[in-house]
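See below for the structure under consideration.
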């Protein structure tokens with residue numbers, strides 16, 4: 406499943422420079438240094454952290470997309486940074502657990 | 435990072451890389467505020483570089499070796515309502531007094547305060563990895579002070595390297611004893 410395809414399942418695009426990326430697995434976490442060493446390439450990464458380091462970690466770990474759960478907002482200048490650094494970011498209004506379940510169904 | 439002691443290790447490693455002969459790691463806990471200072475006499479950074487080290491993309495993209503140390507430390511203090519400041523003087527600007535001074539403040543009672551963790555282990559790791567560089571570690575709390583100065587150890591030890599097994603073991607034991615003396619008094623965590 407590609408990042409683009411999530412848009413038809415209730416996920417909202419925040420930054421989508423490369424929606425054709427294929428999603429392979431999911432990682433969940435908010436402690437950025439922890440995520441940095443554990444998220445795998447092409448994972449969809451569910452988090453509620455919305456600072457510039459989130460974008461940096463997604464870029465380093467080369468995740469297919471960041472999914473901001475709980476409907477958290479990302480500041481517009483950070484959205485610009487994400488686009489510039491080619492980091493896909495989506496938003497889900499659902500809490501982390503429900504977001505993860507939804508992804509599990511879609512990726513099954 | 436899961437523990438501030440890992441942030442400390444990371445940032446102090448930058449000081450060593452900057453060619454510091456003395457790196458000071460100073461922790462002060464008082465009234466629910468923890469102040470962390472890392473002061474070195476290394477080559478210093480220009481204003482432009484100081485501005486860019488807090489940007490994770492500067493550090494991850496152009497000089498990967500520096501790591502996310504400063505951006506993550508900044509996040510750790512800001513999420514408790516504290517702040518991070520960096521002052522630096524380059525060797526070119528002042529050939530005598532140059533170096534970098536990182537100051538991070540944390541509100542220790544904030545729910546998102548990252549535990550300090552095992553600072554002694556970080557200090558030991560630094561000494562082990564850089565036996566020819568000096569470190570001054572001082573942790574001041576309302577219950578007393580823990581202090582270790584490798585310059586003093588060096589004077590006593592003369593030619594024995596600081597990272598020899600016996601010396602490392604002595605330093606570890608000594609720090610532990612100092613921390614235990616604190617706990618017996620007013621506690622080392624700085625909590626009320």
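Protein chains in written order, with the numbering used here: chain U, 406 to 513; chain W, 435 to 626. Built from N, CA and C at the ideal position, the CB exists for glycine as well.
*asked:* In whole angstroms, give me the CA-to-CA distance for residue 544 of chain W and residue 515 of chain W.
replied: Here the question's residue 544 of chain W lines up with position 110 in the second chain. Here the question's residue 515 of chain W lines up with position 81 in the second chain. The straight-line gap from Cα to Cα measures roughly 8 angstroms.
*Through-space distance from residue 406 of chain U to residue 448 of chain U, alpha-carbon basis*: As a first step, residue 448 of chain U is located in the first chain; it is residue number 43 there, counting from the start. As a first step, residue 406 of chain U is located in the first chain; it is residue number 1 there, counting from the start. Approximately 11 angstroms, taken between the alpha carbons.
_Here's a check: name, in chain order, each residue in its chain whose Cβ is nearer than 7 angstroms to the Cβ of residue 507 of chain W, leaving out the five neighbours to either side._
Against the second chain, residue 507 of chain W aligns to sequence position 73. The residues are 441, 445, 518 and 538.
_Per-residue contacts from residue 490 of chain U into chain W (C-beta, under 8 angstroms)_ = Along the first chain, one-based indexing puts residue 490 of chain U at 85. The answer, in chain order, is 491.
*Considering only the beta carbon of each residue, do residue 633 of chain W and residue 484 of chain U sit closer than 8 angstroms?*
Since the first residue shown for chain W is 435 and the last is 626, residue 633 of chain W is missing from the structure and cannot be characterised.
_Cβ separation of residue 534 of chain W and residue 452 of chain W, assumed to be a contact under 8 angstroms, to the nearest whole Å_ = On the second chain, position 100 is the one that residue 534 of chain W refers to. On the second chain, position 18 is the one that residue 452 of chain W refers to. Yes, they are in contact, since the Cβ atoms of residue 534 of chain W and residue 452 of chain W sit about 7 angstroms apart, within 8 angstroms.
*Name, going along the chain, the residues of the region 427–438 of chain U whose beta-carbon falls closer than 9 angstroms to a beta-carbon of chain W.*
Here the close residues are 436, 437 and 438.
*Name the chain U residues whose beta carbon is nearer than 8 angstroms to that of residue 438 of chain W?*
Against the second chain, residue 438 of chain W aligns to sequence position 4. In chain order: nothing, as chain U lies at least about 11 angstroms away.
*With DSSP collapsed to three states, give me the class of residue 414 of chain U.*
The sequence position of residue 414 of chain U within the first chain is 9, counting from 1. In this structure, DSSP gives residue 414 of chain U a helical state, which the three-state scheme calls helix.
*Compare the C-beta of residue 499 of chain W against all C-beta atoms of chain U and say whether one is closer than 8 angstroms.*
If you number the second chain from 1, residue 499 of chain W lands on position 65. Summary for residue 499 of chain W: the model assigns pLDDT 49, below 50, so the residue's position carries little reliability, and this model does not support an answer.
_Unbroken beta strand (DSSP E) run spanning residue 458 of chain U, endpoints_ = The residue given as residue 458 of chain U occupies position 53 in the first chain. Unbroken run through residue 458 of chain U is the alpha helix (DSSP H), 457–466; no beta strand (DSSP E).
*In the structure shown, what three-state DSSP assignment does residue 451 of chain W receive?*
Within the second chain, numbered from 1, the residue matching residue 451 of chain W stands at position 17. Here residue 451 of chain W carries a helix assignment [DSSP, helix/strand/coil].
_For residue 455 of chain W, which residues in the same chain have their Cβ closer than 7 angstroms to its Cβ, ignoring the five residues on either side in sequence?_
For the purposes of this step, residue 455 of chain W is identified with residue 21 of the second chain, where counting begins at 1. If we look at residue 455 of chain W and ignore the five residues flanking it on each side, its Cβ neighbours are 475, 567 and 568.
*asked:* Measuring CB atoms only, is the region 496–508 of chain U touching the region 412–420 of chain U, in the sense that at least three cross pairs come out at less than 8 angstroms?
replied: Contact between the region 496–508 of chain U and the region 412–420 of chain U is present: three or more C-beta pairs spanning the two stretches fall below 8 angstroms.
_Just to confirm my understanding: we take residue 428 of chain U, look at its own chain, exclude 5 residues before and 5 after, and list those with CB closer than 6 angstroms. What are they?_
For this step, residue 428 of chain U is matched to residue 23 along the first chain. Excluding five sequence positions before and after residue 428 of chain U, the CB atoms of its chain that fall closer than 6 angstroms to its own CB belong to 406, 449 and 469, given in chain order.
*Whole-Å CB distance - residue 601 of chain W paired with residue 591 of chain W, under 8 angstroms assumed*: Here residue 601 of chain W refers to the residue found at position 167 when the second chain is read from its first residue. Here residue 591 of chain W refers to the residue found at position 157 when the second chain is read from its first residue. Contact holds; Cβ gap of about 7 angstroms.
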